[in-house]
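Visitor:
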Amino acid sequence: MCGIVGYIGSKEAKDILIEGLKRLEYRGYDSAGIAMVIKDLEIKKSVGKIKNLQEKCCNWESKSSTGIAHTRWATHGAPTENNAHPHTSCDGKIALVHNGIIENYSALRSQLIKKGHQFKSETDTEVLVHLIEDYFTGDLKEAVIKALASVEGTYGIAVVSSECPDKIVAARNGSPLVLGVGKGENFIASDVAAILSYTDKVIYLDDKEVAEITINGITTCDIESNPTKKEISKIDWDLEAIEKGGFDHFMLKEIHDQPQALRNGLAGRIDVKTGTIHLGGLNFGVKELKNIDRIVIAACGTSWHAGLLAEFLFENLVAIPTEVEYASEFRYRNPVVNDKTLLIVISQSGETADTLAALREAKGKGAKTLGIINVVGSTIAREVDGGMYIHAGPEIGVASTKAFSAQVSALLMLALHFGRMRNLSIPKTIEISEALLKIPDQIETILKQSEEIKKIALKYAKFRDFLYLGRNISYPVALEGALKLKEISYIHAEGYPSAEMKHGPIALIDPDFPSVFVVPKDSLYEKVLSNMEEIKARSGKMIAVATEGDKEIAKIADDTIYVPKTHDLLTPLLTVIPLQLFSYHVAVARETDVDKPRNLAKSVTVE
Ligand code: AGP
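Following our numbering from start to finish, the sequence shown increments by one per residue and tops out at 621.
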């Protein structure tokens, strides 16, 4: 998720653009850049936070009142100056900034290189500016429209040219863009936070719409150049609310971001017609897989729970022995690892010290290594032999939510990909891929229950102890639900395999010790039901996360939250959502600091 700002008017554009980027820094800030339209285009870029760009620009005598700027959350290509936006055409006369993912960028890049275009970056974005250059004959908007006709994927773009210094062209498909309407000046931004200091009148661009912005006004059309009529809306949010997208906390925003985060991670990776998974950057093919007789997964916290789910996926779909280790334990255990071991490290931040140490320990013993990472260009991402970025976008809340779901989705794609290199059939791959592609919409139906789940949370917010129980692939979900509750509401919660209750934990059960059961209608449903009966017989209160249509469960549980039916291996992607919402609403009721819980950090870069 990147940040875009553009200005055209009578004031000095540079300071307006830099200030606007600062307002968007929460959207991601691994690099930034600015393009000013003077006689020629003048470009400045920097790596790291916006303040680095600001320092570069402070002595810049660029007298210009037209420009665009960008703060990047890297998806394709590490955070370097070369990969930072704006990207420019070969002749340096067109500059472009982009938010989104161009799915067919490699095909477009090859075509453009054949036509003689010189690329300077590793990004998907750069193909756009060379495409526009290819079509440019003097009308910038027309060239943008022609270029976008061959683009697949999501974009929010702003484009300027020294050949047309009196306008900015913008276009949107899947990545939000808002146009600010000022007096003798106009703006463009990824969200209103960047421009609210200058105007509260905005036009929201719709998907497949193009805008031409000049000092005197804004015109819009659709992707076929048919003019479109747009309403001017008035913004009545304050800045803080805007950064959280109108949600009370970043955590709640990120819980609701999950459908889009998963769509971004799935984009361009699943060919459901042929049952093929396309994973660029894995650097791990049939030859390497043939050499592996064991998979070890090392991670921490929520990422470790994603690893536990991956164990089920790899053993079910790839049939290679898989074990999951706490990275903090693995690193000091003198593990038996060799060149027939594949170590997979999972890390949202890509900077967790224990996970990095486990990676280095395994590499030192000859293991092949893959990373499942969110932050592009992070330390772990740079030290693994290959891997997958999960494209979840920046996760601000300390309690991980959308990164967990995106990790599980990525690990499932990896398991399918490996499975197809071994004995997984095409029909089974297609069946699971089709189910996976439905998950974002199914999560949306669960998110609609947030108010219902809040009512349940308020009933249980006063309890001091919880048991979270699940069986088989629902056991890691129980652990994740317990961790969510612990880390943001400070309530003691333990996750357990539900059959283990009789080996001790059931001694804890009484009316003041509620349990949460993750009990989808799968192959072990009946067995979990009997575990629930055991708790009911001891007057234990129970909350169940169950499959839509299951009437039985509501006769036993005190409260039930339903999720849609899906493939057994995919149920965790749905059953975890109610647990995230439950812990969020309990924490809010207990007035803890949901986004920054006590004693915790977003990335634990120390031992
Ligand atoms: C999860 O909600 C916690 N914030 C924490 O357990 C986290 O998952 C763990 O520190 C690992 O972080 P990483 O994924 O960035 O490596």
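Just so you know, even glycine gets a beta-carbon here, dropped at the ideal spot from N, CA and C. The structure displayed is predicted, hence computed values, not measured ones.
Going by C-alpha distance, which of Ser392, Lys244, Leu296, Gly194 is nearest Ser617?
Guide: Ser392
Visitor: So does Thr168 have its beta carbon nearer than 7 Å to some heavy atom of the ligand AGP?
Guide: no
Visitor: Taking Tyr504 as part of the alpha helix (DSSP H), name the residues at either end of that continuous run.
Guide: From DSSP, Tyr504 is part of no alpha helix (DSSP H); its letter is neither H nor E.
Visitor: Could you tell me which of Asn73, Val158, Val19 sits nearest to Leu145, measuring between CA atoms?
Guide: Val158
Visitor: Out of Lys550, Gly495, Thr585, Tyr403, point me to the one whose CA is closest to Leu595's CA.
Guide: Gly495
Visitor: Taking the alpha carbon of Ile229 as the reference point, which residue from Lys25, Leu593, Ser537, Asn348 has its own alpha carbon closest?
Guide: Lys25
Visitor: For the beta strand (DSSP E) containing Cys72, list its first residue and its last residue.
Guide: Per DSSP, Cys72 belongs to no beta strand (DSSP E) and is neither H nor E.
Visitor: Let me know the secondary structure DSSP gives Leu370 once reduced to three states.
Guide: helix
Visitor: Tell me the residue span of the alpha helix (DSSP H) that contains Leu154.
Guide: From DSSP, the alpha helix (DSSP H) with Leu154 extends over 154-162.
Visitor: Can you give the beta carbon distance from Ala341 to Val422, rounded, assuming they're within the 8 Å contact cut?
Guide: Rounded, the Cβ-Cβ distance is 18 Å, inconsistent with contact.
Visitor: Under the criterion of a Cβ to heavy atom distance below 7 Å, does Ser361 qualify as lining the ligand AGP?
Guide: Under cutoff, so the answer is yes.
Visitor: Please work out which residues of its chain come closer than 7 Å, Cβ to Cβ, to Gly114, disregarding the five sequence neighbours upstream and downstream, and give them in chain order.
Guide: Only Gly167, Thr168, Tyr169, Gly170, Gly188, Ser189 meet the Cβ criterion.
Visitor: Drop a sphere of 10 angstroms on the beta-carbon of Arg396, count the other beta-carbons inside from all chains shown, and report buried for 16 or more, exposed for fewer.
Guide: Answer is exposed; the Cβ neighbour count stays below 16.
Visitor: Since Thr139 and Ile116 are thought to touch, with beta carbons under 8 Å apart, how far apart are those beta carbons, to the nearest angstrom?
Guide: Confirmed, Cβ separation roughly 7 Å.
Visitor: Consult DSSP for Lys541 and reduce its assignment to one of helix, strand or coil.
Guide: Correct three-state label for Lys541: helix.
Visitor: So within the stretch 381-461, which uninterrupted beta strand (DSSP E) runs reach at least 3 residues, ignoring any that extend past its ends?
Guide: 382-387, 400-403
Visitor: In whole angstroms, give me the CA-to-CA distance for Asn348 and Ala372.
Guide: 10 Å
Visitor: Just to confirm my understanding: we take Ser503, look at its own chain, exclude 5 residues before and 5 after, and list those with CB closer than 7 Å. What are they?
Guide: So the list reads Ser597, Val600, Ala601, Arg604, Thr606, once near-sequence residues are dropped.
Visitor: Judging by CA-CA distance, which residue of Ile523, Pro490, Leu499 is the nearest neighbour of Pro511?
Guide: Pro490
Visitor: With respect to 7 Å, is the separation between the Cβ of Lys468 and the closest non-hydrogen atom of the ligand COA below this value?
Guide: Absence of the ligand COA from the depicted structure is noted, with the ligand AGP being the only ligands included.
Visitor: Is Val542 near Ala492, with beta carbons less than 8 Å apart?
Guide: Contact flag unset, no.
Visitor: Residues in the same chain with beta-carbon distance under 6 Å from Pro4, minus the five sequence neighbours each way, listed in chain order, please.
Guide: The requested residue 4 does not occur in the structure, where the chain is confined to residues 15 to 621.
Visitor: Could you check if Ala413 belongs to the surroundings of the ligand AGP, using beta carbon to heavy atom distance under 7 Å?
Guide: yes
Visitor: With a cut-off of 8 Å on the beta carbons, I'd call Ala513 and Arg485 a contact; round off their distance for me.
Guide: 6 Å
Visitor: DSSP three-state call for Gly315: helix, strand or coil?
Guide: helix
Visitor: Name, in chain order, the residues that DSSP records as bridge partners for Thr290.
Guide: Asp285
Visitor: By DSSP, does Leu356 sit in helix, in strand, or in coil?
Guide: strand
Visitor: Less than 8 Å between C-beta atoms, sequence neighbours within five positions excluded: which residues of the same chain meet that for Ile127?
Guide: The residues Phe133, in chain order, have a CB closer than 8 Å to that of Ile127 in the same chain once the five nearest residues on each side in sequence are set aside.
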